[in-house]
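Under numbering that gives the first Met the number 0, the sequence shown has 155 at position 156, and the numbering climbs by one with no breaks.
To start, the structure under review is shown below, and the notes come after it.
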Amino acid sequence: MPDPTETSPLVSVRGEATLEVDPEVVRLSVIVSASDKDRRHVLERLSKRNDECLALIKGYGEAVEDIETRGFTVHPELRDRRGEKVRGYRGGVRIHVTLRDFSVVGELVSQLGDQEMTSVNGPWWGLRRDSDVHRRARHEAARAAVTRAREYAEAIGARLTGLVELADEGLTTRARMYPTPDVAPGMALAGAPSGPPEPPALDLEPQTQIVTARVEARFTVSQPADL
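Below is the structure:
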């Protein structure tokens with residue numbers, strides 16, 4: 000049986016779709032620090048501040064989707080580069096927080112930034128990895144490819160007769176979804192010793208997410224009627 004792609008004309012097209020949607024989650028990176036001349040004091044302060052920070056975050060209940068400890072470090076600070084004389088120790092704990100309730104973000108950021116020796120990076124707005132938005136974008140891109148191919152065929156008096164190939168070119172989100180915690184593209188707040196009154200909540204606006212899908216497709220078409 001002959002291959003139809005060898006006897007029929009082909010049309011190759013690209014289908015694209017771009018969706019602008021509201022974010023589904025927001026992420027924060029929190030770094031709790033401590034320093035002292037004594038290593039044990041650094042560990043004790045880190046433990047206390049880490050517990051206080053986690054308690055504050057967990058106090059927001061269902062608004063918090065996920066809490067992860069992403070790193071811990073304690074290292075000596077040398078007096079100079081020529082020897083091993085230690086002038087003190089510094090340590091830190093990095094906590095990654097994912098929130099589903101945007102109404103508490105401004106308040107939580109202010110509360111965390113008011114904690115002693117605590118830095119807050121973010122917010123980073125994003126979509127969940129299994130978000131239905133990605134599927135919607137792929138479907139729209141595929142439909143766009145069919146529409147474009149049909150328009151090309153109609154322009155020369157032909158019609159689509161079959162699909163030869165449909166290839167996924169890629170799916171990208173231009174809003175930054177998974178930031179490096181050590182970098183603060185959004186905002187950084189360095190905490191000071193806490194005390195009354197409580198800090199005012201920040202008014203933070205969610206960032207629109209732009210999701211793009213692209214596909215490439217080839218179709219067989221009938222012979223043009225006018226050629």
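Quick reminder that beta carbons are idealized off the backbone N, C-alpha and C, glycines included.
Keep in mind the model is a prediction, meaning the values are calculated, not measured.
In this structure, DSSP gives Ser130 a state outside helix and strand, which the three-state scheme calls coil. Closest in C-alpha terms to Arg78, from the list Ile209, Gly87, Gly70, comes Gly87. In the three-state DSSP reduction, Gly58 falls in the coil class, being neither helix nor strand. Assignment of beta-bridge partners to Glu64 by DSSP yields no partner. Under a 10 Å Cβ-count criterion, Phe218 is classified as buried, with 16 or more other Cβ atoms of the shown protein chains found around its own Cβ.
In the DSSP assignment, Val108 falls within the alpha helix (DSSP H) that extends over 104-112.
Between the alpha carbons of Phe71 and Arg26 lies a gap of roughly 19 Å.
In the structure shown, Ala152 falls within a helical segment according to DSSP collapsed to helix, strand and coil. Between the region 198-209 and the region 105-112 there are three or more inter-stretch CB-CB distances shorter than 8 Å, so the stretches are counted as touching.
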